[in-house]
Structure formats: structure tokens, C-alpha cells
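Okay, structure first, notes after.
Residue numbers (the working numbering): 2 to 320.
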């Protein structure tokens with residue numbers, strides 16, 4: 002009997018396997034080290050708090066932030082909600098206009114739609130044929146009553162990299178908050194929030210070989226960004242996000258981001274080699290087109306169109 006080869010997992014934009022080193026780092030915080038990081042009166046709590054703060058530094062280090070600028074959340078979806086809704090509600094006396102891009106993740110688009118239903122005015126920008134946002138289009142969309150613009154770093158479908166430095170500078174010049182969903186960017190390209198004019202950045206662990214259900218929001222301190230909290234309770238996370246911290250998840254995210262910082266250059270070179278090998282093989286099939294800008298993209302993503310073949314049918318036929 003012929004045995005079929007095992008399928009290769011090629012859906013890392015949806016989620017990545019957790020690195021075994023990350024699993025190993027997490028396990029002790031589920032068992033013996035069970036303290037609540039907010040318990041300030043005993044050793045169990047102090048120990049957990051120390052682990053949380055160490056992970057906060059690891060996450061901050063990957064994006065060039067200060068640890069005090071990292072707020073723990075349940076993932077990039079919650080971070081997107083907190084950044085966009087939190088800023089919109091906090092600054093509605095200045096204006097009620099928001100700007101984003103049609104190719105954003107649903108967590109951004111649906112948050113914007115919910116705000117629109119509450120009377121906010123949302124402008125959705127189109128991208129160019131290569132998937133990139135024209136900075137001129139962003140500049141033209143900004144108004145005196147615009148409070149925030151949201152543009153993702155790396156697109157989750159086609160892997161193109163938006164020009165954050167240019168887009169952020171346009172926002173900064175006009176006094177508009179700039180939010181970036183970086184879920185697909187961490188560990189794939191170097192990020193330095195202090196060199197970039199970015200005010201808010203959403204992060205998640207599970208796209209970078211960490212566990213699901215944990216993320217963070219970078220909130221700039223200088224110039225200070227103010228947000229209205231969406232989840233209320235014990236005033237955890239500087240009052241921005243109440244709830245008992247999931248120490249094991251946080252330790253996992255810290256470890257994953259620490260590994261990403263150490264191994265990013267090697268991983269990217271490896272992804273580049275695999276990208277070229279797969280692309281070369283598939284191009285041998287004939288009418289194959291690359292979707293998105295040819296070079297301004299992460300090598301971890303390969304999005305192709307096959308002439309005369311419906312993408313949906315092809316996906317269904319694949320194992």
C-alpha cells in the first residue's frame with residue numbers, strides 16, 4: 002500500500018506551533034509557582050510579579066520600547082480594540098474622525114465599524130495594486146477632527162510591509178495618533194518604536210511561536226498617549242486593563258519574544274531560502290503570479306494567484 006506523505010503545515014499566518022523552549026518556560030507557572038502577580042503581601046505573589054516584569058522587559062526589548070509602555074492583553078484583537086476604541090473615546094472632544102485601510106485585519110475593521118455605529122466618522126482607504134498604502138492618500142484623508150489612523154505593519158494575507166516611518170510622520174505632523182497592528186511583524190522584521198513615529202502598537206504571542214490567548218499593547222509614554230480603559234476591575238496594568246494576569250501565558254510570550262530577538266536574523270534567512278525554493282517550484286507550473294509588492298514583503302509569506310484557477314477551489318482541494 003502506498004503511504005501518502007504527511008501534509009506540510011503552511012498556515013503560520015493563522016498561528017504558529019509553540020516553541021518547545023516556550024512550553025518548558027511556561028509549565029512551572031501553572032504548577033508550583035501559582036501565585037497571583039497582584040498579591041503584594043507574600044512570596045508567591047512577589048515571585049509571580051517578578052516573572053511578569055521580566056517578560057514585560059523581553060517583549061519591550063523586541064520592539065525597542067520601555068517596559069513601562071507594555072500593557073498585557075488577551076491578544077492582538079483586544080489590543081486593537083483597546084488602542085482604537087480607547088483612543089476614540091478618550092479624545093472625542095477633539096474630534097470623532099478615524100482613518101484606516103480596507104485591507105486591515107477584522108479586529109481593526111470591526112472595531113472601526115462599531116465606533117461608526119456610535120456616531121464616529123470612519124474613512125477606509127484603498128491600497129495600490131501592490132497592496133501598499135500610498136502615503137499621499139493618508140495625508141489627503143486626515144482632517145482637523147481626525148484623532149487616530151490605524152495601519153498594520155505586515156499584511157496578514159499577502160505579507161507586504163507598509164512604510165510605517167513615512168505614514169507615522171504624516172500623522173505626527175498633523176497631531177493624529179498612529180496605531181499599528183504588528184501581529185504579523187514581530188520576529189519577522191526589526192521594529193524600533195522609539196525610532197518610528199508610532200503611538201500605539203498591537204502585539205500577540207501566537208504568531209511568533211508563543212501561546213494563544215496572550216498579547217500586549219505598546220502605549221507610548223513620550224509624547225504621552227492617553228486611552229480610556231475598556232475592561233474595569235482591580236486597576237491592573239496602570240488602570241488600562243484590569244484582570245488577574247495569566248502568569249504562565251505572559252512568561253510564554255516573554256520567552257517567545259526573547260527567542261525571536263535572538264534568532265530573527267537566522268530565521269529570516271531560512272524563510273527567505275524556503276520562500277525562493279517554493280516560489281521557483283510553483284512557477285514551473287506555468288501561469289503563476291505573486292500577489293503584493295515583489296520586494297517590500299516578509300519572506301515568511303507567499304501569496305500566489307494561479308491563472309484560470311479559483312483560489313477557493315484550490316484551498317478546498319489542498320489537504
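All residues carry an ideal CB built from backbone N, CA and C; glycine is no exception. Here the structure is a predicted model, which means the values were calculated and not measured.
Express the C-alpha separation of residue j and residue i in angstroms, rounding to a whole number.
i	j	result
residue 200	residue 135	20 Å
residue 123	residue 141	14 Å
residue 274	residue 281	11 Å
residue 289	residue 128	22 Å
residue 15	residue 205	12 Å
residue 19	residue 146	43 Å
residue 40	residue 52	13 Å
residue 305	residue 33	48 Å
residue 227	residue 285	53 Å
residue 170	residue 119	29 Å
residue 126	residue 139	7 Å
residue 107	residue 3	42 Å
residue 192	residue 269	14 Å
residue 71	residue 229	16 Å
residue 310	residue 316	10 Å
Does the beta-carbon of residue i have 16 or more other beta-carbons within 10 angstroms, so that it is buried, or is it exposed?
i	result
residue 98	buried
residue 300	buried
residue 167	exposed
residue 189	buried
residue 208	buried
residue 130	exposed
residue 7	exposed
residue 219	buried
residue 210	buried
residue 296	exposed
residue 179	buried
residue 203	buried
residue 80	buried
residue 76	buried
Run through DSSP, which three-state label would residue i get?
i	result
residue 85	helix
residue 162	strand
residue 53	helix
residue 108	helix
residue 35	coil
residue 26	helix
residue 225	coil
residue 180	strand
residue 293	coil
residue 80	helix
residue 215	coil
residue 245	coil
residue 254	helix
residue 207	coil
residue 316	helix
* In chain order, which beta strand (DSSP E) runs of at least 3 residues are fully inside the segment 105-154? -> 122-126 and 147-151
* Asked: Can we say the segment 102-110 touches the segment 237-257, given the rule of at least three CB pairs closer than 8 Å?
  -> These segments do not touch.
* the segment 153-164 touching the segment 179-197, judged by at least three CB pairs closer than 8 Å -> These segments touch.
* Count the CB pairs spanning the segment 54-61 and the segment 253-268 that are closer than 8 Å, and state whether there are at least three. => yes
* Asked: Between the segment 18-36 and the segment 218-235, do at least 3 Cβ pairs fall closer than 8 Å?
  -> no
* Asked: With a cut-off of 8 Å, do at least 3 Cβ pairs link the segment 42-50 to the segment 228-242?
  -> no
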